[in-house]
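In full-length UniProt numbering, the protein residues as written are 1 to 46.
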């Protein structure tokens, strides 16, 4: 669950799905998901 923070804000997020087949096991795909987040730190004034 996404929880908002007073110190950070999420500017962008992306997910990339990859499937790779190796020569040893051509009928078995190996899957992974890579996530990219761009965060912006907000200034805190005391």
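Positions of the beta carbon are idealized from the N, C-alpha and C atoms, including for glycine. All values reported here derive from a predicted model rather than from experimental measurement.
Over the uninterrupted beta strand (DSSP E) stretch that includes residue i, give me the two end residues.
{"i": "residue 40", "result": "25 to 41"}
In this structure, what does DSSP give as the bridge partners for residue i?
{"i": "residue 5", "result": "For residue 5, which the question treats as bridged, DSSP gives no partner whatsoever."}
{"i": "residue 13", "result": "37"}
Which residues in the same chain have their Cβ closer than 8 Å to the Cβ of residue i, if we skip the five residues on either side of it in sequence?
{"i": "residue 9", "result": "39, 40 and 42"}
{"i": "residue 7", "result": "41, 42 and 44"}
For residue i, which residues of its own chain have a beta-carbon under 6 Å away from its beta-carbon, when the five flanking residues on both sides are left out?
{"i": "residue 70", "result": "Absent from the structure is residue 70, since the part of the chain shown begins at 1 and ends at 46."}
{"i": "residue 3", "result": "none"}
{"i": "residue 29", "result": "19 and 21"}
{"i": "residue 17", "result": "33"}
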